[in-house]
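To start, the structure under review is shown below, and the notes come after it.
Numbering (our numbering), first residue to last: -16 to 255.
Right, here's the structure in full:
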């Protein structure tokens, strides 16, 4: 049976914003100010986990929720799961989930904290870039799952293949977005340095899409090691299914990124 669920993926906390945003010109005052050793570690494992939590709440959960919501719309419109219309509709749901989740989160944070460091124009552009990448991975999720399941592969193989495939699509979406939208004030053009951050982030996003495969309770249920955690069985209410979908992507991203948080040297992870 063909699965009809997924994410993207998609994301950024203040640390990712730094990864996306253009470097501002150096002022005369800054040029004469005391210098700081940029090579010194400025983050800790605790800070990494804080930013991971922010990204999970503001982008990863909304991405899965948005994809699943869009799949319900697509099904109601009569789009079959193996059609381009279905793929594009769910990709659009991923896009809306990431963009809305990111901007709403930072708007609320700014309103609550009164922080002048939160620039909503920058956040809107960052959210747009991430949503563009999420559209790519979200659009590709169903075709990738359909293809792998059509080959009668094991659940683990579908899980791994989706992780790699959607993670790659997210990365290509980020790099393409940087190229196309670099004229925007707060989106940095593609460089070697941000390519490394984009790559590690994309691997974690791939983890979110892989865990989303676990929501399909119909495909090889005896092999689905996530079925009792995030499986969406027939008859599950739509809203509940959307919440489970968001939870599956959140779990996948958090699991992968937690390993990165512990393993990467200081200053080498995208959320440093």
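Glycine residues also receive a C-beta, built at the ideal position from the N, C-alpha and C atoms.
Model, not experiment: these values are computed from the prediction.
Assigned with DSSP and collapsed to three states, residue 227 falls in helix.
Inter-residue distance for residue 35 and residue 124 is about 23 Å (C-alpha atoms, whole angstroms).
A direct Cα-to-Cα measurement between residue 90 and residue 234 gives close to 25 Å. With contacts defined by Cβ atoms closer than 8 Å, residue 74 and residue 122 form a contacting pair. Taking C-beta atoms under 8 Å as the contact rule, residue 197 and residue 207 qualify, at a distance of about 6 Å. By the criterion of a C-beta distance shorter than 8 Å, residue 200 is surrounded in its chain by 207, 210, 214, 215, 216 and 217, once the five residues flanking it on both sides are discounted.
With a cutoff of 8 Å on beta-carbon distance, residue 66 and residue 56 are scored as not near each other. Secondary structure at residue 170: coil, using DSSP grouped into helix, strand and coil.
Between the alpha carbons of residue 110 and residue 77 lies a gap of roughly 12 Å. Within the stretch 107 to 183, no run of beta strand (DSSP E) at least 3 residues long lies entirely inside it. By the criterion of a C-beta distance shorter than 7 Å, residue 86 is surrounded in its chain by 106, 107 and 110, once the five residues flanking it on both sides are discounted.
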